[in-house]
Amino acid sequence: GEVCNMINKKYSEFLPSMQSAEDLVSQVDGLSSNIDLLKAGIENEVQRDLNVAVAEFTELKQQLERDTLVLSILKKLQEFDTAIKEYNTALMEKKYVAAAQQLEKARSSLKMLESRKGFELKILKALGIELTVQTQNVLYHLGEEWQNLAVWKLPPSKESSSLEAVMHSELHLRTVPSKEEDIAGPPVASVLQALAVLGELHTKLKIFGQLLLKYILKPLISYPSLQPFTEEQSDVFILRFKSEGPNLDHSSPMEVFDKIKLIFEVLHKYLLNVPLDQPTEDKKECRVTLAELLGDMIWEELSDCLIQNCLVNSIPTNSSKLEQYIEVIKSTEEFEKALKNMQFLKGDTTDLLKYARNVNSHFANKKCQDVIVAARNLMTSEIHNTVKITPDSCVALPRLPDPGAGDHLKMQTTSKLLHNNMVNLENETKLSHYTFSLPTCRISSSVEKLMELAYQTLLEATASTDQCCIQLFYSVRNIFQLFYDVVPTYHKENLQKLPQLAAIHHNNCMYIAHHLLTLGHQFRYRLTNILCDGAATFVDLVPGFRRLGMECFLAQMRVQKGEILERLSSARNFSNMDDEENYCAANKAIRQVLHQLKRLGKVWQDVLPVNVYCKAMGTLLNTALTEIVTRIAALEDISAEDADRLYSLCRTMVEEGPQVFTPLPEEDKNKKYQEEVPVYVQKWMTFKELMIILQASLQEIVDQWADGKGPLAAEFSAAEVKSLIRALFQNTERRAAALAKIK
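If you number the sequence shown the way the UniProt record's numbering does, the last residue is 743 and the count never jumps.
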């Protein structure tokens, strides 16, 4: 029962709410059908009316657009027509600017007409042609006027801008008297402005600028003797040139600047001081003067020419003249200022001024370049022009003004230090006279000059700014590196072929090595401060130079040795000398060797240092003697007559050999060296012993051997002596007894 009550209660509450929901649904259905009715009404009637109205509106709108377009096109056509009419009037009256402006108006009207799509008029083509014709017409008139404004009278030969040609060139600028302006034709300004309006000024000005550079500006820079002069007549200003004054290689920048300034002043006054209304978008800077336009076109080329042909030459070559260079910098500044005032130049410091102000660096570069060029010329000059140097020679140096750059730099100390034989070391104690001395010999005069160049450049370095000092120091090192690379290659053939040149080159290298030992030391005070870790030295180059000299000379010695052995090879091994033909061949070979040595002794005389000379000649003579000993000692059979003839051949060598030693040109002084030959010829005593054997009896040979303690034993081995005995003596008991004692 309880449950039933509950369900009833819930149900009775539920029924009414369900009822109200059903009512709501039926209301919605009613409204929906109303909307449908209304929608049908709209679709059938209102929409139809609306469509009609829109169509009408669109049609009217299109008609209006068409009318507006036609109207604007008619307006543009009318503008074009008016512009051409006014242009014609202006042209008749020579009002060129107005004429040009009207043409530009007509041009912009035509542009508008051509840009209308879907509306191509046949008339447009005709208008275009008309415009072109009229533009050409006015340009022709303006061209004529322009040619009257600036008349070039140039020499017939178009190509050349030589001094001759320039002296026959003239530029006539028309000047207009102020009162009778109408008679004189339009003023300069109107012609130029009209050209500007038509966009043709640039071309005209460019041609003018090129002529100006070629026939006036560049020649004034290149030919120092060329002077501009001017003449003013009633209606024309004439610019002419004459050549006068000394014929210098280069004129000073000051003079060149003055001449060029004059030209620009004239142009500015009579032709270019015209402001132009440039058709620019932003109206801020529409006034540009003609001078500025021309300046833009030619300045770069002009300033390059001034730098290359004028400033470069004015850079001083020694530091003492650097002071005076301030003048050049000042006049460069003034030149630029003048050009700015006339509006040829805009903006600040140009390349020209930067170049002038950077004189220190240019000075260093130029100096280094000059040094290297001078060095290269010296290295490629003849080796055989020589000078004699002695232990007392010093490097000649100009007295440079004391740069006051430090107490150590007093120049007299420098010249005191440049002696070959004395070098002041840190503690100023003097080394022995000969520690650093160079032996007397001959070197190429070009090498002496090269050394002077190195010293001068280093002296110059000590008086220069730090940057310059470093550059110069390294260019001196470069000189020596260059020598090391250039000379052996450049003179290669001659150094191989000519023994004298090889000797001179050997001396050159030793001379350079000698100076390199102390070169940095003399300038140490100044250089060490700047170059890190006191690198102001050349000592590292010394071994290379010594080796270079030695190798060249040793190569020459090898050639000479080869020739000696070659000659002796034709001596038929010195065997069977009793055969006349064999003897002649051997005799000839020995004569040739002596002749070769004699010739060498002559070409090396007074060239090589005496000790080197004696060693070299001694070595070569030794080569010949050794070869002869070897050949004779190898013979298996020597007859009595053979022995006599071999002896006389050897005697020739011993008598004439020493005479090839002639280290000095004074005959009497060579005796000493000829007597010392055994010192320089290692096998001399061996050779003498061989001669003794060729003449000796068996007993004498045994005595010379003296149980291996005699002079013979000092030169020959037991086996060699036995072999000689067997060749010289017949097989007897006495020979056997003698052989037994040689052991």
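Using N, Cα and C, we set each Cβ at its ideal position, and we do this for glycine too. All of these numbers come straight from a predicted model, not from anything done at the bench.
Quick one: what's residue i bridged to in DSSP?
| i | result |
| --- | --- |
| Ala-150 | Leu-173 |
| Phe-241 | Pro-228 |
| Cys-614 | DSSP, once it has assigned bridges, lists no residue as partnering Cys-614. |
| Val-236 | Arg-174 |
| Val-387 | Ile-443 |
Going by other Cβ atoms of all chains shown within 10 Å of its Cβ, with 16 needed for buried, is residue i buried or exposed?
| i | result |
| --- | --- |
| His-408 | Caution applies to His-408, whose pLDDT of 36 falls short of 50 and renders its modelled position unreliable; the value that the coordinates give is listed next. His-408 should be labelled exposed. |
| Asp-642 | buried |
| Lys-259 | buried |
| Ile-742 | buried |
| Arg-645 | buried |
| Ile-628 | buried |
| Arg-651 | exposed |
| Pro-665 | exposed |
| Ala-696 | buried |
| Glu-448 | buried |
| Val-166 | buried |
| Gly-549 | buried |
| Pro-219 | buried |
| Thr-58 | exposed |
| His-202 | exposed |
| Ile-129 | exposed |
| Gly-406 | With a pLDDT of only 36 at Gly-406, under 50, the local geometry of the prediction cannot be trusted, and no value is derived from it. |
| Asn-622 | buried |
Which whole-angstrom value is the C-beta distance of residue i and residue j, which I expect to be below 8 Å?
| i | j | result |
| --- | --- | --- |
| Trp-152 | Leu-195 | At roughly 18 Å, the Cβ-Cβ gap does not stay under 8 Å, so Trp-152 and Leu-195 are not in contact. |
| Leu-239 | Leu-171 | 4 Å |
| Pro-499 | Gln-560 | 7 Å |
| Thr-289 | Val-266 | Wrong, their Cβ atoms sit about 16 Å apart, outside the cutoff. |
| Leu-205 | Met-342 | The pair is not a contact, with the Cβ atoms about 16 Å apart (cut-off 8 Å). |
| Met-379 | Phe-483 | 6 Å |
| Leu-458 | Val-476 | 6 Å |
| Trp-705 | Leu-694 | With a Cβ gap of about 15 Å, Trp-705 and Leu-694 do not count as contacting. |
| Thr-440 | Pro-609 | 7 Å |
| Lys-367 | Leu-472 | 6 Å |
| Lys-453 | Ala-374 | Rather than Lys, the amino acid found at residue 453 in this sequence is Leu. About 6 Å; that satisfies the 8 Å criterion. |
| Ala-100 | Leu-198 | 5 Å |
| Ala-633 | Leu-565 | The Cβ separation is near 16 Å, so there is no contact. |
| Leu-142 | Tyr-223 | No, Leu-142 and Tyr-223 are not in contact; Cβ-Cβ is about 35 Å, not under 8 Å. |
| Gly-295 | Leu-353 | That belief does not hold up - the Cβ atoms of Gly-295 and Leu-353 are roughly 15 Å apart, past 8 Å. |
Can you tell which of the options has its C-alpha closest to the C-alpha of residue i?
| i | options | result |
| --- | --- | --- |
| Leu-690 | Leu-110, Phe-716 and Gly-209 | Phe-716 |
| Pro-316 | Glu-292, Asn-341 and Val-359 | Val-359 |
| Ser-115 | Glu-144, Leu-103, Leu-69 and Lys-449 | Leu-69 |
| Asp-466 | Ala-364, Gln-136, Glu-452 and Asn-508 | Ala-364 |
| Glu-563 | Met-577, Ile-504, Val-610 and Ala-624 | Ala-624 |
| Arg-558 | Asn-573, Val-539 and Ala-502 | Ala-502 |
| Asn-494 | Gly-41, Phe-553 and Asn-576 | Phe-553 |
| Leu-262 | Leu-217, Ile-123, Ser-243 and Gln-695 | Leu-217 |
| residue 745 | Phe-237, Lys-85 and His-168 | Nothing can be reported for residue 745: it is not among the residues displayed for the chain, which extend from 1 to 743. |
| Leu-635 | Phe-257, His-514 and Val-721 | Val-721 |
| Met-254 | Lys-330, Pro-219, Ser-190 and Glu-244 | Lys-330 |
| Ser-72 | Val-191, Leu-113, Thr-626 and Gly-601 | Leu-113 |
| Glu-93 | Glu-164, Val-191, Pro-156 and Leu-50 | Val-191 |
| Thr-537 | Ser-575, Pro-391 and Leu-517 | Leu-517 |
| Ala-586 | Ser-361, Phe-574, Glu-733 and Asp-579 | Phe-574 |
| Gly-209 | Ala-189, Arg-726, Ala-291 and Ser-393 | Ala-291 |
| Ile-504 | Glu-327, Asn-385, Ile-470 and Thr-626 | Asn-385 |
| Pro-391 | Arg-726, Gln-556 and His-515 | His-515 |
| Gln-730 | Pro-658, Asp-668 and Ser-639 | Ser-639 |
| Leu-698 | Lys-671, Arg-734, Thr-332 and Val-97 | Arg-734 |
Regarding residue i and the ligand NAD, is the C-beta to nearest heavy atom distance less than 6 Å?
| i | result |
| --- | --- |
| Thr-489 | No copy of the ligand NAD appears in this structure; indeed no ligand is present at all. |
Quick check on residue i - is its C-beta less than 7 Å from some C-beta in chain D?
| i | result |
| --- | --- |
| Gly-1 | No chain D appears in the structure shown, which is made up of a single protein chain. |
- the segment 104–118 in contact with the segment 71–83 per 3-pair CB rule at 8 Å: yes
- Item | the segment 593–606 touching the segment 479–495, judged by at least three CB pairs closer than 8 Å | no
- Count the CB pairs spanning the segment 569–581 and the segment 504–515 that are closer than 8 Å, and state whether there are at least three. no
- Query: Taking one C-beta from the segment 317–336 and one from the segment 379–389 each time, how about it: are there three or more such pairs within less than 8 Å?
  - Reply: no
- How about the segment 670–682 and the segment 603–621: do they share at least three Cβ pairs that are nearer than 8 Å? yes
- Touching or not, the segment 132–141 and the segment 80–98, by the rule of three or more beta carbon pairs under 8 Å? yes
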